[in-house]
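Read through the structure below, which is laid out as structure tokens, and then see the notes.
In our numbering, the protein residues as written are 6 to 130.
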């Protein structure tokens, strides 16, 4: 009898966890593209604020060697954003003296005149 009660308790606990997980999960199909797009400012990459820094920094102050691609939000070539070294950028923005030329699903192409750099997720240039 004790064992049946224990199994019933475990099953009930797992059922509550499963129902709670489904209730709080959100799929990418529910992603609010318009809200996300409007929250990204026009022009160059947004300023990253470090509360421990003595001065202000911008994406242009970085060197190409410091750039790290952390993530990409991609729907198509027009709706693509990348998180590079803490800065949210889109095609046309400037970072480390380079223009964000193209954002693909797993990489970002940066261009300055004839210099082209490819950033990959989790890697450097």
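Yeah, the Cβ is synthetic: ideal placement off N, Cα and C, and Gly gets one too.
To the nearest angstrom, report how far apart residue i and residue j are at their CA atoms.
i: residue 94; j: residue 19; result: 42 Å
i: residue 117; j: residue 124; result: 14 Å
Under three-state DSSP, which class holds residue i?
i: residue 17; result: helix
i: residue 10; result: helix
i: residue 64; result: helix
i: residue 126; result: coil
Counting C-beta neighbours from all protein chains within 10 Å, is the total for residue i 16 or more, i.e. buried, or is it exposed?
i: residue 67; result: buried
i: residue 98; result: buried
i: residue 17; result: exposed
i: residue 61; result: The predicted model places residue 61 with a pLDDT of 49, which falls under 50 and marks its position as unreliable; any figure quoted below should be read in that light. Residue 61 should be labelled exposed.
Can you check DSSP and say which residues form a bridge with residue i?
i: residue 120; result: 117
i: residue 87; result: 77, 94
Is the CB-CB distance between residue i and residue j below 8 Å?
i: residue 103; j: residue 126; result: no
i: residue 89; j: residue 72; result: yes
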